[in-house]
Amino acid sequence: MKTQISKLAGILAFALAGSAYGQVVEIPRTEWGVPNLQGNWQLKTVMPFQRPQELGTKQAYTEEEALTLESQAQKAVEQDNEPLDPNRPAPDLAALPPVGNYDLFWTDRGMFLPTINGEFRTSAIIDPPNGRIPELVAGFQDRMRDLRAARPDRNDGPEGRGLGERCLVAFGNSSGPVMSPVMYNSHMQIVQSPGYVTIVVEMVHDARIIKISDERSPASESHQKWMGDSIGRWEGDTLIVETKNYNPWITYRGAPTENLTVIETFRREGENKVVYGFTVDDPSVYTAQWTGEYPLSRMEEPVYEYACHEGNYGIIGILAGARRLEAMEAAGVELEIAQ
126 MKTQISKLAG ILAFALAGSA YGQVVEIPRT EWGVPNLQGN WQLKTVMPFQ
176 RPQELGTKQA YTEEEALTLE SQAQKAVEQD NEPLDPNRPA PDLAALPPVG
226 NYDLFWTDRG MFLPTINGEF RTSAIIDPPN GRIPELVAGF QDRMRDLRAA
276 RPDRNDGPEG RGLGERCLVA FGNSSGPVMS PVMYNSHMQI VQSPGYVTIV
326 VEMVHDARII KISDERSPAS ESHQKWMGDS IGRWEGDTLI VETKNYNPWI
376 TYRGAPTENL TVIETFRREG ENKVVYGFTV DDPSVYTAQW TGEYPLSRME
426 EPVYEYACHE GNYGIIGILA GARRLEAMEA AGVELEIAQ
């Protein structure tokens, strides 16, 4: 508990520091006096989640380095969108990407690097100082191996497929916590009332409801939600949210979540930016807590309906194909499956 309090004090120090260089930021407020977080926001940036190892403890790029990084990201998309030569030779089979891959035309990745406290960050993670996720605890991989062995086979039925593939929660970790960008649909709408803050994420139309309260309901331990039970409170102009008690099907970065606590912060940094902070605490997975921040940039576009279930023909095809292969095998048909 002392470690968690210490870490929370650290993230609060970042959150309460305000904007860079001591500038005074005019914070929009609700009718009931707290900072107004409402609006449509995008969580897109070329900033990686973990810092490239070669950068060590370098927390920020120079402006010139940031512009180069943005230019490289934009150029990659432009090159991928170049018209193809209709007379080109057939591609090398070994060089083709796996079936189902997206090319950059279908993605909506961040191509800019918004600042946080005036810095062009080299990674979302800021603690540990190397910007990397801490090492896993001893025995974790053995634990995961046992858990995987007890799960249904991926092709036995829908329960063997991922939750995002089943349209139950967002792909990746778009809706959080920790909220982080994915290859497309990294958009959200924040709606506030005096007692609640709701975050509606475009990916799989997840709606996360954060109750503003000093107490957590005892029922949250038995009524476990997909995105956990989130309780928020205001400390000055920063919204602090603590989330725990996740549905046991939910994992974070592939790890079980029964011992996971995530502490998040939301603070306005001007008219068009919210700085979103997070601290991950799970002593059964990581050897230490770790902390990071993302910039949320205002967008004028609406958040669209994702309609995942309505168009989810992939899972039907996968399971139907598996049943067909089983029938062919039972009928003595020799199968030659390309690897």
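Each number in this note's numbering corresponds to the 1-based position in the sequence shown with 125 added. Ideal Cβ placement from N, Cα and C applies to all residues, glycine included. This structure is a prediction, so every number in the text was calculated from the model and none was measured.
Could you round the C-beta distance between residue i and residue j to whole angstroms and report it? I think they count as a contact, below 8 Å.
i, j, result
"I388", "E367", "5 Å"
"Q349", "Y321", "With a Cβ gap of about 19 Å, Q349 and Y321 do not count as contacting."
"M328", "S299", "4 Å"
"P283", "R291", "6 Å"
"F391", "L364", "4 Å"
Can you name the residues that DSSP bridges to residue i?
i, result
"V322", "Q317 and I335"
"H348", "According to DSSP, H348 bridges with nothing at all."
"V399", "R393 and L421"
"Q167", "H312 and S422"
"W359", "L364"
"K369", "D354"
"I251", "In the DSSP output, where bridge partners are listed per residue, I251 has none listed."
"T386", "D406"
"P160", "R154"
In its own chain, which residues sit with a C-beta less than 7 Å from the C-beta of residue i, not counting the 5 before and 5 after it?
i, result
"P239", "T170, K398, P420 and S422"
"R176", "T247, S248, I250, N255, G256 and R257"
"G235", "K169, T170, V171 and P306"
Verify whether the separation of the beta carbon atoms of residue i and residue j is less than 8 Å.
i, j, result
"N206", "F230", "yes"
"T323", "I337", "no"
"Y411", "P173", "no"
"V471", "S409", "Absent from the structure is residue 471, since the part of the chain shown begins at 126 and ends at 464."
"D339", "R358", "yes"
"F245", "E179", "no"
Who are the Cβ neighbours of residue i in its own chain at under 8 Å, not counting the five residues just before and after it?
i, result
"Y146", "Confidence in Y146 is poor, its pLDDT being 44 and thus under 50, which makes the residue's placement too unreliable to answer from."
"I375", "L288, V294, W351, M352, G353 and T382"
"R279", "G285 and R286"
"L430", "Here residue 430 turns out to be Glu, not Leu, going by the sequence shown. The residues are H330."
At a threshold of 7 Å, does residue i count as lining the ligand MN (C-beta to nearest heavy atom)?
i, result
"I315", "Ligands are entirely absent from the displayed structure, and the ligand MN is therefore not among its contents."
Please list, in chain order, all residues of the same chain as residue i whose beta carbon is under 6 Å from its beta carbon, the five residues on each side excluded.
i, result
"A380", "V410"
"N310", "E327 and M328"
At least 3 beta-carbon pairs within less than 8 Å: the segment 153-172 vs the segment 309-324: yes
Give a yes or no on contact between the segment 293-304 and the segment 438-448, applying the rule of three or more CB pairs nearer than 8 Å. no
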